Amino acid sequence: MLRSLYNWVLNLSARPSAPYALGAVSFAESSFFPIPPDVMLVPMALARPDRAYFYAALTTITSVLGGLLGYAIGALLYDSVGQWLFSLYGLDKGAEAFRAAYAQYGHWIILLKGLTPIPYKLVTITSGFAGYDLVWFTILSIVTRGARFGILAALLGRYGPAIRGILDRHLGLVTAVLVVIVLGGFAAIKLIY
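Residue numbering for the sequence shown follows this note's numbering, beginning at 602 and increasing consecutively.
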């Protein structure tokens, strides 16, 4: 099943609708969707290395726009939708501690967590919930998401054939490692908050 999904994304990258699908996933991931855009970005950039930076820019823009929706969820809907999302991820007890940290470290939280496998939607919703300055939130989101996806595009552009060879031979292992990293991100949040 994993192999067929990987091949489907590779084939999708040749279609004119590929950037729309990537943008939709990236937008949704920053506000409510649990799957990171890397799942589409990596195979698409491997299939079309000449478009890796375009895909990274598109992912950055749509991620920041989705982050603004996440911010709005936190600012306007935390008592219903935002709280439900935090509960879904088992982070409802840590929400107040996370909110308090924004008073002193909001800019560092956005910059650092935007680069990590910790789900960015948690940062966006909490930024709205904590009332973090919207202009600074947007600027820092552009910086951190742009850096994350830009570095990924640079690595895929430079080492794309080698990375694709590894994925073609060891897709299951690579996926397992990525799942462990993402779950580690969730565990880190629970331990910290």
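A virtual CB, placed ideally from N, CA and C, is assigned to each residue, including glycine.
Treat the numbers as computed from the prediction; the structure is a model and nothing was measured.
Please return the same chain residues whose Cβ sits closer than 8 Å to the Cβ of residue i, not counting the five positions on each side in sequence.
{"i": "I767", "result": "V775"}
{"i": "V640", "result": "V610, V626"}
Which of the three DSSP states is assigned to residue i in this structure?
{"i": "D734", "result": "coil"}
{"i": "G707", "result": "helix"}
{"i": "P644", "result": "helix"}
{"i": "A622", "result": "helix"}
{"i": "R649", "result": "coil"}
{"i": "I743", "result": "helix"}
{"i": "T717", "result": "coil"}
{"i": "I636", "result": "coil"}
Between which two residues does the alpha helix (DSSP H) harbouring residue i extend?
{"i": "I662", "result": "653 to 678"}
{"i": "S688", "result": "684 to 689"}
By Cβ distance below 7 Å, which residues in the same chain neighbour residue i in space, the five residues on each side in sequence not counted?
{"i": "A653", "result": "A646, A754, L757, G758"}
{"i": "S742", "result": "V665, G668, I711, G715"}
{"i": "R746", "result": "T661, S664, V665, G715"}
{"i": "F738", "result": "Y672, I711, S728"}
Just to confirm my understanding: we take residue i, look at its own chain, exclude 5 residues before and 5 after, and list those with CB closer than 6 Å. What are they?
{"i": "A648", "result": "L611, S614"}
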